[in-house]
Amino acid sequence: ESYPYKAFVTTWYHKHSILIASKLPFTVGKQSFASTQISFELLDLYPVHLNSFYAKKRLEQVEELCALIKHTSTPQIITGDMNFWKIGNFFVFKNDKRAYRLLEATMTCITKGVSHTPFGMEFDGIFTSNEFKTIKVTQELARGDFMDHYPVWCEVLL
Numbered sequence: 023e024s025y026p027y028k029a030f031v032t033t034w035y036h037k038h039s040i041l042i043a044s045k046l047p048f049t050v051g052k053q054s055f056a057s058t059q060i061s062f063e064l065l066d067l068y069p070v071h072l073n074s075f076y077a078k079k080r081l082e083q084v085e086e087l088c089a090l091i092k093h094t095s096t097p098q099i100i101t102g103d104m105n106f107w108k109i110g111n112f113f114v115f116k117n118d119k120r121a122y123r124l125l126e127a128t129m130t131c132i133t134k135g136v137s138h139t140p141f142g143m144e145f146d147g148i149f150t151s152n153e154f155k156t157i158k159v160t161q162e163l164a165r166g167d168f169m170d171h172y173p174v175w176c177e178v179l180l
């Protein structure tokens, strides 16, 4: 198999909604309503799918996520569907702006300014801790049958 290590993780709306598939071994660590810690040998990954309907809930989830990662000294990546209603520096909802600023206080958003939808919104995001150097952020302007966002991925160096 191309990806011998796999696990489903839970998000706010479903028990098995994010698939983690890796060529490297990992362990599933701390879990919260906002995310699950996926620990590799050299880094921790936090896949997210924040609340789709309410900015206040997204802010609460980001606060919970920040509490989850606060005491971790391992380099970190937070990635996924943030659902922040954002275009450039403009936020439709003030709680999305607060949540984004809270993440940006300790992490770097490497997908800033990259549109993920046909109408220019930046719903998805990749935030990295300072140990990472961004090599490339790529977006494909293609949609799958069940996707409402364009795929976005990154190449980083640790």
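Here the sequence shown is numbered in my numbering, starting from 23 and rising by one per residue.
Beta carbons are placed, not taken as given, at the ideal position from N, Cα and C, and that holds for glycine.
Check                                                                                           : Outcome
Cβ contact (3+ pairs, closer than 8 Å) linking the stretch 38-48 and the stretch 75-92          : no
Beta-carbon proximity check, Asp-118 vs Lys-134, cutoff 9 Å                                     : no
Residue span of the alpha helix (DSSP H) that contains Lys-78, given as start and end           : 77-91
Residue range of the beta strand (DSSP E) that includes Leu-124                                 : Premise fails: Leu-124 lies in the alpha helix (DSSP H), 116-126, not in any beta strand (DSSP E).
Member of Leu-124, Val-50, Thr-130 whose CA lies at the smallest distance from the CA of Glu-63 : Val-50
Cβ-based burial, Ile-157 [other Cβ within 10 Å; buried from 16]                                 : exposed
Proximity winner among Tyr-122, Gly-110, Asn-152, relative to Met-143 (alpha-carbon distances)  : Gly-110
DSSP bridge partner residues for Gln-53 (one or two, in chain order)                            : Thr-58
Tyr-68 - containing beta strand (DSSP E), residue span                                          : 66-71
Coil, strand or helix - Thr-133 by DSSP                                                         : coil
For Met-104 and Trp-146, believed in contact at Cβ under 8 Å, the rounded distance              : The sequence given here places Asp at residue 146; Trp does not occur at that position. Correct: roughly 6 Å between the Cβ atoms.
Proximity winner among Leu-41, Asn-73, Ser-24, relative to Ala-56 (alpha-carbon distances)      : Asn-73
Where His-71 falls, given that 16 or more other Cβ within 10 Å makes a residue buried           : buried
Proximity below 9 Å, CB of Tyr-68 to CB of Thr-101                                              : yes
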